[in-house]
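Student:
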Amino acid sequence: MLDLKFIRENIELVRENIKNKNESANIDSILELDEKRRKVIQEVESLKNVRNVVTKEIAELKKSKQNADDKIASMKEVSDKIKELDDELRAIETAIDDVVIKLPNMTGPDVPVGRSAADNQIVRTWGSIKTMPVKKNHIEIARALDIIDFERGGKVSGSGFAFYKGKGAKLERALINFMIDYHLDNHNYTELLPPFLVNRNSMIGTGQLPKMAEDMYHATEDDMFLIPTAEVPLTNFHNDEMLNAAEMPIKYCGYSPCFRREAGSYGKEVRGFLRVHQFNKVEMVNFVKKEDSWNRLEELTGEAEDIVKALGLHYRVLRLCTGDTSFSSAMTYDIEVWSPGEESWLEVSSCSNFTDFQARRANIRYRPEPSAKPEFVHTLNGSGLATSRIMVALLETYYNEDGTVTIPECLHKYTGFHSL
RNA sequence: GGAGAGGUGGCAGAGUGGUUGAAUGUGGCGGUCUCGAAAACCGUUGUACGGGUAACUGUACCGAGGGUUCGAAUCCCUCCCUCUCCGCCA
765 MLDLKFIREN
775 IELVRENIKN
785 KNESANIDSI
795 LELDEKRRKV
805 IQEVESLKNV
815 RNVVTKEIAE
825 LKKSKQNADD
835 KIASMKEVSD
845 KIKELDDELR
855 AIETAIDDVV
865 IKLPNMTGPD
875 VPVGRSAADN
885 QIVRTWGSIK
895 TMPVKKNHIE
905 IARALDIIDF
915 ERGGKVSGSG
925 FAFYKGKGAK
935 LERALINFMI
945 DYHLDNHNYT
955 ELLPPFLVNR
965 NSMIGTGQLP
975 KMAEDMYHAT
985 EDDMFLIPTA
995 EVPLTNFHND
1005 EMLNAAEMPI
1015 KYCGYSPCFR
1025 REAGSYGKEV
1035 RGFLRVHQFN
1045 KVEMVNFVKK
1055 EDSWNRLEEL
1065 TGEAEDIVKA
1075 LGLHYRVLRL
1085 CTGDTSFSSA
1095 MTYDIEVWSP
1105 GEESWLEVSS
1115 CSNFTDFQAR
1125 RANIRYRPEP
1135 SAKPEFVHTL
1145 NGSGLATSRI
1155 MVALLETYYN
1165 EDGTVTIPEC
1175 LHKYTGFHSL
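Here my numbering is used: the first residue of the first sequence is 765, the next is one more, and so on.
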């Protein structure tokens, strides 16, 4: 959420930011509403002051058994007027909230202006392209090894769901455990294993709602949502809290399955694991002081890259342009791994600085100094990493001529086997 | 799912519809005493928004939201959460 005062003072920047992010929020009414709001507040507060003063006088008169009928009668009028103005104020604030809740975060100064993925900047590339001895994609490989069953996933749940089987299931668990342990041992994280179903307030807090409502599985009976990422429960872990500045940065990582309806994306990258309704992911969430968030974004991205490096996968890092940067994010780096079978790049991580945008919505603050005024924290998150596409890259990158797949060494202690 | 109890400041815990932003205790901070500390004593101690250079000042906040009333922590309604018991259950 943007600060109303910031909007008031930077209305043209806000307008431009909406346009650069390919959003369509209409803010024409907001300045007028804001002005009206402040006017009504002044009016109603001065009336409340009158009421408070006279009410005390009435109390004194009553106490000394004197007549207070005149004052009570005049206060009835004042009280009615207050009620009227309070109603008006409530309506104005609802109207303002409706607009503000739909305004995207301001992008940072280094974010290139652009409309689509074509305008993203390649920041760096690691490793080199590996050509396969025999060209196969992950679906063919997985079928031949009988480690993933897409057909039965479709039968039991629907398209976009799969079973992992045998060594495939164990490899998936190995990836998750390896990633979490790596962050705990090398990057100083605390692990959280979160709830996978969250309430509406949490979804608003991190900014999935109202914009992404169509993309989430919604349990309407209880008004709860299946999480599209562990970012939601991990960030809302500190919802409505005052954090201790001495303990910051606070770094959590956690595993969760991620559920996405992917409404409207049929036909695009739907084969196999490229786009699914449920996938596994290890997520990192950071709470930092406001002056630290830009540096932390660089470090966080590095922490995600460490995992890809350890797995020995060829990858590149992109700085997303304004049009590709998500609603809540001020700046995002995507990490993409090379898929030799698809001969294309697959997004496996997205690392973002949300500045104070989520912290305002979720009301997460800290006191810079013991007696200083509270400030909103800055939140960041990064996938570290999403496993389904890592599985694609692993199967294709380590595919051998004889049909086997070599397991990278860092996973051996988790899998117990060295090849598929 | 059923029955009951309860949600008040950092914590504990009072609170007859009328100077109650809220007693008291405790904790925090400052001070007196002390070589120093403890104890004792004195003072101070919430948040948000608005006005003012400032001292200061206005409004709101007792789980959340409505309502009754001249006036609500206190009365009424709805919802949320916690605890106890019963039922069901991995």
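Glycine included, every Cβ here is placed at the ideal spot set by N, Cα and C.
Is it buried or exposed for Glu824, if we count other Cβ within 10 angstroms and need 16 for buried?
Tutor: Position 60 of the first sequence holds residue 824. Classification for Glu824: exposed.
Student: Looking at Asp1088: is its Cβ nearer than 8 Å to the Cβ of Ala1027?
Tutor: The residue labelled residue 1088 in the question sits at position 324 within the first sequence. The residue labelled residue 1027 in the question sits at position 263 within the first sequence. For Asp1088 and Ala1027, no; Cβs fall outside 8 Å.
Student: How would you write the range of the beta strand (DSSP E) that Arg888 sits in, first residue to last?
Tutor: By 1-based counting over the first sequence, the position of residue 888 is 124. Arg888 -> beta strand (DSSP E) spans Gln885 to Trp890.
Student: What does the alpha-carbon distance come out to for the pair Ile782 and Pro868?
Tutor: Indexing the first sequence from 1 puts residue 782 at position 18. Indexing the first sequence from 1 puts residue 868 at position 104. About 7 Å.
Student: Select from Ile1014, Glu821, Thr889 and Val1072 the residue whose C-alpha is nearest the C-alpha of Thr954.
Tutor: Mapped onto the first sequence, residue 954 falls at position 190. Thr954 has its Cα closest to that of Ile1014, out of Ile1014, Glu821, Thr889 and Val1072.
Student: Does the Cβ-Cβ distance between Leu849 and Glu796 come in under 8 Å?
Tutor: Translated into the one-based positions of the first sequence, residue 849 becomes position 85. Translated into the one-based positions of the first sequence, residue 796 becomes position 32. Going by C-beta atoms, Leu849 is not nearer than 8 Å to Glu796.
Student: Any chance you could list the beta strand (DSSP E) runs of at least 3 consecutive residues sitting entirely within the stretch 925 to 1012, in chain order?
Tutor: The stretch 925 to 1012 contains these whole beta strand (DSSP E) runs: 961 to 963, 988 to 990 and 1005 to 1007.
Student: For Asn1044, report the span of its beta strand (DSSP E) as first-last.
Tutor: For the purposes of this step, residue 1044 is taken as residue 280 along the first sequence, with counting starting at 1. Note, Asn1044: beta strand (DSSP E), Gln1042 to Val1052.
Student: Count the other C-beta atoms from every protein chain shown that fall within 10 angstroms of the C-beta of Arg1035, then say buried if there are 16 or more, exposed otherwise.
Tutor: Within the first sequence, numbered from 1, the residue matching residue 1035 stands at position 271. Its Cβ having fewer than 16 others within 10 Å, Arg1035 is exposed.
Student: Looking at the structure shown, is Thr819 part of a helix, part of a strand, or coil, going by DSSP?
Tutor: Stepping through the first sequence from its first residue, residue 819 is reached at position 55. Reduced to three states, the DSSP call for Thr819 is helix.
Student: Apart from the five residues just before and just after Gly891, which ones in its own chain have a Cβ nearer than 6 Å to its Cβ?
Tutor: By 1-based counting over the first sequence, the position of residue 891 is 127. These residues qualify, in order along the chain: His1078.
Student: Kindly indicate the opening and closing residues of the alpha helix (DSSP H) around Arg1060.
Tutor: Position 296 of the first sequence, counted from the first residue, corresponds to residue 1060. Note, Arg1060: alpha helix (DSSP H), Ser1057 to Ala1074.
Student: Would you decide whether Asn899 is buried or exposed? Buried here means 16 or more other CB atoms lie within 10 Å of its CB.
Tutor: Residue mapping note: residue 899 aligns to position 135 of the first sequence, counting from 1. According to the sequence displayed, residue 899 carries Lys and not Asn. The residue in question, Lys899, is exposed, as its Cβ has fewer than 16 Cβ neighbours within 10 Å.
Student: Determine the contact status of Leu961 and Ala983, defining contact as a CB-CB distance below 8 Å.
Tutor: The residue given as residue 961 occupies position 197 in the first sequence. The residue given as residue 983 occupies position 219 in the first sequence. Taking 8 Å as the Cβ cut-off, Leu961 and Ala983 qualify as a contacting pair.
Student: Are Met870 and Leu766 closer than 8 Å when you measure CB to CB?
Tutor: In the first sequence, residue 870 corresponds to position 106, counting from 1. In the first sequence, residue 766 corresponds to position 2, counting from 1. A contact, by the Cβ cut-off of 8 Å.
Student: Of the choices Ser1020, Ser1108 and Val1141, whose alpha-carbon is the least far from that of Lys894?
Tutor: As a working mapping, residue 894 is identified with position 130 in the first sequence. Ranking Ser1020, Ser1108 and Val1141 by Cα distance to Lys894 puts Ser1108 first.
Student: Thinking C-beta only, is Val863 closer than 8 Å to Thr1086?
Tutor: Walking along the first sequence from the start, residue 1086 turns up at place 322. Walking along the first sequence from the start, residue 863 turns up at place 99. Result no, Cβ atoms of Thr1086 and Val863 do not sit closer than 8 Å.
Student: Determine, using beta-carbon pairs with one atom in the stretch 1046 to 1066 and one in the stretch 924 to 931, whether at least three such pairs fall under 8 Å.
Tutor: Flag = no, the stretch 1046 to 1066 and the stretch 924 to 931 do not touch.
Student: Could you compute how far the alpha carbon of Leu1144 sits from the alpha carbon of Ile822?
Tutor: Within the first sequence, the letter at position 380 stands for residue 1144. Within the first sequence, the letter at position 58 stands for residue 822. Roughly 55 Å between the two C-alpha positions.
Student: Write down every uninterrupted run of the alpha helix (DSSP H) in the stretch 784 to 868 whose length is 4 residues or greater and which is fully enclosed by it, in chain order.
Tutor: DSSP runs (the alpha helix (DSSP H)) wholly in the stretch 784 to 868: 794 to 827 and 833 to 864.
Student: Whose C-beta lies closer than 7 Å to the C-beta of Leu1064 among residues of the same chain, with five residues either side of it excluded?
Tutor: Counting from one through the first sequence, the residue named residue 1064 turns up at place 300. So the qualifying residues of the chain are Met1048, Asn1050, Cys1115, Leu1144 and Gly1146.
Student: Go to Val1081, then tell me how far its beta strand (DSSP E) extends in each direction, as first and last residue.
Tutor: Your numbering for residue 1081 matches position 317 in the first sequence. Run containing Val1081: Tyr1079 to Arg1083, per the beta strand (DSSP E) assignment.
Student: Could you check how far apart the C-beta atoms of Val887 and Val1081 are, in whole angstroms? I think they sit under 8 Å.
Tutor: On the first sequence, position 123 is the one that residue 887 refers to. On the first sequence, position 317 is the one that residue 1081 refers to. That belief holds up - the Cβ atoms of Val887 and Val1081 are roughly 5 Å apart, short of 8 Å.
Student: What residue range does the beta strand (DSSP E) around Glu1100 cover?
Tutor: In the first sequence, counting from the first residue as 1, residue 1100 sits at position 336. Start and end: Met1095 to Ser1103.
Student: Exposed or buried, what is His902 when buried is set at 16 or more other beta-carbons lying within 10 Å of its beta-carbon?
Tutor: On the first sequence, position 138 is the one that residue 902 refers to. Per the 10 Å Cβ criterion, buried.
Student: Please name the residue in Phe1091, Trp1058 and Asp910 whose C-alpha comes closest to that of Pro974.
Tutor: Counted from its first residue, the first sequence places residue 974 at position 210. Per the Cα distances, Phe1091.
Student: Identify whether Thr1143 lies in helix, strand or coil by the three-state DSSP scheme.
Tutor: Mapped onto the first sequence, residue 1143 falls at position 379. Reduced to three states, the DSSP call for Thr1143 is strand.
Student: Check Val920 in the structure and name its three-state DSSP category.
Tutor: Working through the first sequence from its first residue, we reach residue 920 at position 156. Of the three classes helix, strand and coil, the one that applies to Val920 here is helix, per DSSP.
Student: Just how far apart, CA to CA, sit Pro897 and Ala881?
Tutor: One-based indexing of the first sequence puts residue 897 at position 133. One-based indexing of the first sequence puts residue 881 at position 117. The straight-line gap from Cα to Cα measures roughly 31 Å.
Student: Only counting the same chain, and skipping five residues up and downstream in sequence, which positions put a Cβ closer than 8 Å to that of Glu852?
Tutor: Stepping through the first sequence from its first residue, residue 852 is reached at position 88. These residues qualify, in order along the chain: Val804.
Student: Out of Glu841, Ile968, Glu995 and Phe1037, which has the shortest C-alpha to C-alpha gap to Asp987?
Tutor: Translated into the one-based positions of the first sequence, residue 987 becomes position 223. Of Glu841, Ile968, Glu995 and Phe1037, the residue nearest in Cα terms is Ile968.
Student: Looking at the secondary structure, which residues open and close the alpha helix (DSSP H) in which Lys1177 lies?
Tutor: Here residue 1177 refers to the residue found at position 413 when the first sequence is read from its first residue. Run containing Lys1177: His1176 to Thr1179, per the alpha helix (DSSP H) assignment.
Student: Which of the three DSSP states is assigned to Asn781 in this structure?
Tutor: In the first sequence, the residue the question calls residue 781 occupies position 17. In the structure shown, Asn781 sits in a helix (DSSP, three-state: H, G or I).
Student: What residue range does the beta strand (DSSP E) around Ile1014 cover?
Tutor: Stepping through the first sequence from its first residue, residue 1014 is reached at position 250. Ile1014 to Phe1023 is the span of the beta strand (DSSP E), which, as asked, contains Ile1014.
Student: Given a cut-off of 8 Å on the beta-carbon distance, is the pair Ile1128 and Asn1003 in contact?
Tutor: For this step, residue 1128 is matched to residue 364 along the first sequence. For this step, residue 1003 is matched to residue 239 along the first sequence. The answer is yes: Cβ separation under 8 Å.
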